[in-house]
Amino acid sequence: MTFLSTLFKRRSSAPVARDRLQILLAHERISSGDGKDDLLAQLHREIMEVIKRHVTVDQDKVQIKLDRGAHCSTLEIDVEVPGLTDIKPGATLAARTAEADAALEAKKA
Amino acid sequence: MSKVLVVTSGKGGVGKTTTSAALGAALAKNGQTVALVDFDVGLRNLDLVMGAERRVVFDLINVIQGDANLAQALIKDKRVPSLSLLPASQTRDKDALTAEGVAKVIDELRKKFDWVICDSPAGIERGAQMAMYHADVAVIVTNPEVSSVRDSDRIIGMLDSTTEKAKKGEKMDKHLLLTRYDPQRASRGDMLGTDDVLEILSIPLLGIIPESGDVLRASNVGAPVTIAEPESAAARAYNDAARRLAGEKLEVTIPTERKGLFDWLFKRRVA
């Protein structure tokens, strides 16, 4: 970078810091509050209940993010489901449990 | 009308201990009785900054465990008689800070002093929680820098939820103290400005302490900057902050160094 370009093109960094902090803290304040009335917390809870009916999920391995935009907002849900790759498509939950039991028995024997 | 004040920040190295010492000394010089309590068990430093490291006999943990009484453990400042220090233990860990023990000590200090200033350790663990639990007033020390502002936000959340005041449904009186502020870098747009930090954290401003060599010089000789270099920009900013804490309404300004001909002639040079 030449002297002139450093003089004229250099963007000040403080506004970048301010914007990054505002976005980050908006997210952190939502996730750390008790958030009983909070839409995000409610969605989190209910979606987790539905998922838990079918598979065991580690609460800590769930990321829920809401980006609020001027015109539309996006809700991003990222759930890590352990052992889903072994499951054959179409298998019912009961069948899967039976299968797992059988596998366990086989291991014991 | 005794008040318990916690000096906290979340992040380490932003100036909690410097601020505790400087505000404590400033309040004491204005005629208030002040107890400084170091909560950084295992990593005590307030004694060193106050120049009392060789006078420590008993500490906070000794008092909590009943090995010494408060009068034995309190170290009276030799420069400002209404200022006392209760040092932390250097050999124990933070688990020795029991909730009942801390409550008892704070209660006793409240009866003897106008101000009980709790110097919090960094972090959000037990030591920091104990330091803030009984507070009526909180000073959140923040540097104009992203990690410090984020941690301060977290600490503000804790002050509003895990303290005794919060549990009683009362409002914690919170103040922002911006330290290590460099007005030139801020005006160039390379440092978060006061407005930026205030907008993000949305708590009232107690003062702006400019980045200053006087702070380091004061700690080198073991004196709060408000005692060692009372005419320095940093000391004047701390003095104003102390007066605001005591209820005075003063406009917040950023004091600048007063450079006279004498300073210029005898300018200190390093290396």
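Chains A and B are the protein sequences, given in the same order.
Mapping of the first sequence onto this note's numbering: residues 731 to 839, in sequence order.
Mapping of the second sequence onto this note's numbering: residues 88 to 358, in sequence order.
Yeah, the Cβ is synthetic: ideal placement off N, Cα and C, and Gly gets one too.
Taking all protein chains shown into account, do 16 or more other C-beta atoms lie within 10 angstroms of the C-beta of B:S171, making it buried, or fewer, making it exposed? buried
| message | Quick check: the Cα distance between A:K782 and A:A756, rounded to an integer number of angstroms? | response | 28 Å
For A:I777, name the three-state secondary structure that DSSP assigns.
Note: A:I777 maps to helix in three-state DSSP.
What is the C-beta distance between B:L133 and B:S107, in whole angstroms, given that I count them as a contact (C-beta under 8 Å)? 6 Å
field: Beta-carbon neighbours of B:D238, restricted to chain A and to distances below 9 Å
entry: Within chain A, no residue comes near B:D238; the closest Cβ sits about 11 Å away, beyond 9 Å.
- Message: So for B:A222, helix, strand or coil by DSSP?
- Response: coil
Is the region 111-123 of chain B in contact with the region 319-329 of chain B, if contact means three or more CB pairs nearer than 8 Å?
yes
(message) Which same chain residues end up closer than 6 Å to B:E338 when comparing Cβ atoms and leaving out the 5 residues on each side of it in sequence?
(response) none
Identify the contact partners of A:Q752 in chain B, using a Cβ-Cβ distance below 7 Å as the criterion. I287, listed in chain order.
- request: With 8 Å as the threshold, decide whether the Cβ of A:P812 is near any Cβ in chain B.
  value: no
Requested in this report: Spatial neighbours of B:L161 within its chain, please: CB distance less than 8 Å, with the 5 preceding and 5 following residues excluded, ordered by chain position.
Outcome: Around B:L161: A122, S171, L172 and L173.
query = Mind pulling the chain A residues with CB within less than 9 Å of B:G61?
reply = Chain B is shown from 88 up to 358; residue 61 of chain B falls before or after that span and cannot be answered.
- request: Take B:T249 and list the residues in its own chain whose beta-carbon comes closer than 7 Å to its own, dropping the five residues that flank it on each side.
  value: For B:T249, where only same-chain residues beyond five positions count, the Cβ hits under 7 Å are Q216.
Leaving out five residues on either side along the sequence, give the residues of the same chain with a beta carbon under 6 Å from the beta carbon of B:L142. Per the sequence shown, the amino acid found at residue 142 of chain B is Arg instead of Leu. Correct list, in chain order: I162.
- Message: Quick check on B:L279: does DSSP put it in helix, strand or coil?
- Response: coil
Check your understanding: What separation, rounded to the nearest whole angstrom, lies between the Cα atoms of B:T313 and B:K103?
Key -> 15 Å
Here's a check: name, in chain order, each residue in its chain whose Cβ is nearer than 8 Å to the Cβ of B:A253, leaving out the five neighbours to either side. Counting only Cβ-Cβ distances below 8 Å, and skipping sequence neighbours, we find L246, D247 and M259.
Taking DSSP as the reference, what is the three-state secondary structure of A:Q793?
strand
- Task: My understanding is that B:L279 touches B:I227, with C-beta atoms under 8 Å, so please give their C-beta distance in whole angstroms.
- Result: Contact flag wrong, Cβ pair sits at about 15 Å.
Any beta carbon from chain A within less than 8 Å of B:D164's own beta carbon? no
In angstroms with no decimal places, state the Cα-to-Cα distance between B:L110 and B:D125. 14 Å
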